[in-house]
Amino acid sequence: MLRSMTGYGKSTVETDELNISVEIKTVNSKQMDLNCRLPFEYNPKEPEIRSLVSRSIQRGKVFVGITKESTAEQSGHSINQDLALNYHKELKELKEKMNQKAEPDYLLSIMRMPDILKTDEQEISDKEWTLLKKAIEETLDKVDEYRIEEGKILENDFKERIKNIQQYLDDIDPFEKERLEFVKAKFNKELSDFIKEKTIDENRYEQEVLYYLDKLDITEEKVRLKQHCSYFLETMDAGMANGKKLNFIAQEMGREINTTGSKANHAEIQKIVVNMKDELEKIKEQLANIL
């Protein structure tokens, strides 16, 4: 089963005292890259939150956003009045020194100053931590479901493209005999033009022709490419398929396709090789998004 690295999930838990909302987004990345945006009071729990997320999402660029809304009368926030009074005094002195006639809105300016609104420090309760973990786990389940659905789409696309490559391989067969005859005729003509009227050893000549024809033979490349295609499908259907292994197989497929193209010496086969390369490149592009 394939899983995409693209995922999304959002969950909310509610009680009489608070609402906790968790949102997780994931995109493809070579390594695990986890970013968290948490309410101030949840910062001490960040290592545990990271551990919880990392166990479920092994790889990818991950964004975790958690918001908390208190529904109780006690908000847990207060205005730092002493600091506000100091700001007010300094703003008035600054106004007088600058000879400003207009009366500014001191309160609006003060409320924008740093550290005016302070959070009453308190440890997160066991009950609240249990609720938070529940929301995170529910969100991670949704992310996993999203990744599986995306993986199914990519899996179907891979199967179709592997099928196309296998068909292109079969399309080469009708041109094989024609290709070898063409290469042999070309070899004979060039050799004939070179030696002109000189006599040559016929046995040695036949050996050389067979040697070069063998060097141009693409049977082994075709067999190995078929094997790689089958192995790709088998790996994809395995229970623990992963993008890195599939990418290694795709690289081996690319080597066989490139070697076939370099040996082809036939216009129609070259066209088929180009089509196979196109299908393989599209596979490689999508493999970058497989977990």
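Take 5 as the starting number for the sequence shown in our numbering and just add one per residue. Note that CB positions come from ideal geometry on N, CA and C, so glycine has one too. Every value quoted in this text rests on a predicted model; they were computed, and no experiment measured them.
Three-state class that DSSP yields for residue i in the structure shown
i, result
"Lys-72", "strand"
"Thr-16", "strand"
"Lys-105", "coil"
"Ser-58", "helix"
"Ser-129", "coil"
"Phe-152", "Per the sequence presented here, residue 152 reads as Ile, with Phe not at that position. Ile-152 falls in the helix class under three-state DSSP."
"Ile-294", "strand"
"Ile-120", "coil"
Exposure of residue i, with buried meaning 16 or more beta-carbon neighbours within 10 Å
i, result
"Arg-41", "exposed"
"Asn-293", "buried"
"Val-227", "exposed"
"Arg-116", "exposed"
"Val-147", "buried"
"Arg-259", "exposed"
"Ile-253", "buried"
"Ile-83", "exposed"
"Ile-157", "exposed"
"Thr-165", "The amino acid at residue 165 is misidentified as Thr; the sequence shows Arg. Arg-165 should be labelled buried."
"Leu-173", "buried"
"Ser-8", "buried"
"Glu-132", "buried"
"Val-68", "buried"
"Leu-229", "buried"
"Val-26", "buried"
"Met-280", "buried"
Residue range of the unbroken alpha helix (DSSP H) whose run includes residue i
i, result
"Met-257", "247–268"
"Asn-279", "271–291"
"Ser-113", "110–115"
"Asp-241", "223–241"
8 Å Cβ cutoff, residue i in contact with chain D
i, result
"Thr-10", "Judged by its chain identifiers, the structure shown contains no chain D, having just a single protein chain."
Residue i Cβ short of 7 Å to the ligand SAH heavy atom set
i, result
"Asp-174", "The ligand SAH is absent from the structure shown, which contains no ligand whatsoever."
Exercise. Could you give the uninterrupted runs of the beta strand (DSSP E) lying entirely in the segment 21–45, keeping only those of 3 residues or more?
Worked result: 22–31 and 36–41
Exercise. Is it a yes or a no for the segment 90–110 touching the segment 16–32, going by three-plus beta-carbon pairs under 8 Å?
Worked result: no
For this session: Please determine if the segment 134–149 and the segment 244–253 are in contact, where contact requires at least 3 C-beta pairs separated by less than 8 Å.
Result: no
Exercise. Are the segment 53–72 and the segment 86–94 in contact at 8 Å, needing three or more beta carbon pairs?
Worked result: no
For this session: Check whether the segment 178–186 touches the segment 270–283, taking contact to mean three or more Cβ pairs, one atom from each stretch, closer than 8 Å.
Result: yes
Exercise. Hey, is the segment 34–51 in contact with the segment 10–18, meaning 3+ C-beta pairs nearer than 8 Å?
Worked result: no
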